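Counting from 18, one number per residue, gives the positions in the sequence shown under this note's numbering.
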Amino acid sequence: MKIDILDTQLCGLDSLAQARPRISQVLRQIIPSQAAMLEVAVNEAVNNAFRHGSIGRASLKMRVINGRLLVMRVRDDGPGFDVSRILARLEKHDCFSVAAHATNPLPESGRGLFLMQAIADKVRFNQQGNEILLAKKLY
18 MKIDILDTQL
28 CGLDSLAQAR
38 PRISQVLRQI
48 IPSQAAMLEV
58 AVNEAVNNAF
68 RHGSIGRASL
78 KMRVINGRLL
88 VMRVRDDGPG
98 FDVSRILARL
108 EKHDCFSVAA
118 HATNPLPESG
128 RGLFLMQAIA
138 DKVRFNQQGN
148 EILLAKKLY
């Protein structure tokens with residue numbers, strides 16, 4: 018059973034600022050222990066859509082599936098990005114090694130994706146690279 022809990026169109030940072038209290042409220046109701054971190058992941062996904070999409074708009078949808086999985090989907094109308102190239106670059110980087118970070122810091126572009134991967138249980142992209150799905154198990 019799928020339960021849609023949020024479906025909103027965001028047009029720029031002002032609309033994201035207006036939507037943040039509702040996003041926060043929904044996440045606190047569904048998964049209170051991890052709501053703050055999930056807000057960071059959603060914020061990163063939406064900001065990436067604004068930054069890299071073609072017209073500064075994004076859609077955000079949240080749903081709960083079978084009472085066990087929270088799915089957050091962010092999509093923009095832009096051309097997308099080369100998902101495999103970016104993910105391969107992130108996989109090569111050991112973000113947890115202080116020595117590796119000192120000699121090879123993670124570039125600014127890609128940090129949001131790293132955060133989303135660290136926070137969500139699953140992160141998936143569509144083939145075009147203009148839609149991200151973040152999934153979090155509800156325990």
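Beta carbons: idealized from backbone N, C-alpha and C, even for Gly.
Keep in mind the model is a prediction, meaning the values are calculated, not measured.
Checklist entry - Among G29, E56, I149, which one has its Cα closest to the Cα of S71? => result Per the Cα distances, G29.
Item to check | Contacts around Q26, its chain only, beta-carbon distance under 6 angstroms, and the 5 residues preceding and following it disregarded | outcome: Cβ contact annotation for Q26 (same chain, cutoff 6 angstroms, sequence separation greater than five): S76, in chain order.
Checklist entry - I72 lies in the beta strand (DSSP E); which residues open and close that run? => result Careful: I72 lies outside any beta strand (DSSP E) and carries neither H nor E.
Checklist entry - Would a C-beta distance cut-off of 8 angstroms place G129 and N64 closer than the cut-off? => result The Cβ-Cβ distance between G129 and N64 falls below 8 angstroms.
Item to check | Rounded Cβ spacing between V91 and A52 (contact assumed at less than 8 angstroms) | outcome: A Cβ-Cβ distance of about 17 angstroms is found for the pair V91 and A52, leaving them out of contact under the 8 angstroms criterion.
Next on the checklist: My output table needs one value for A137: the three-state DSSP class, helix, strand or coil.
Outcome noted: Coil.
Item to check | Completely contained beta strand (DSSP E) runs for the segment 21-50, where each covers 3 or more residues | outcome: DSSP runs (the beta strand (DSSP E)) wholly in the segment 21-50: none.
Checklist entry - Does DSSP put L151 in a helix, a strand or coil? => result DSSP, read as helix, strand or coil, puts L151 in strand.
Item to check | Residue closest to I136, alpha-carbon to alpha-carbon, out of A62, L23, Q46 | outcome: Distance check between I136 and each of A62, L23, Q46 places A62 closest, using alpha-carbon atoms only.
Item to check | Three-state secondary structure assigned by DSSP to M54 | outcome: Three-state result, M54: helix.
Item to check | Between the CA atoms of R68 and L86 - distance to the nearest angstrom | outcome: Roughly 28 angstroms between the two C-alpha positions.
Next on the checklist: Could you tell me the alpha carbon to alpha carbon distance between N83 and K19, rounded to whole angstroms?
Outcome noted: If you take the alpha carbons of N83 and K19, they lie about 6 angstroms apart.
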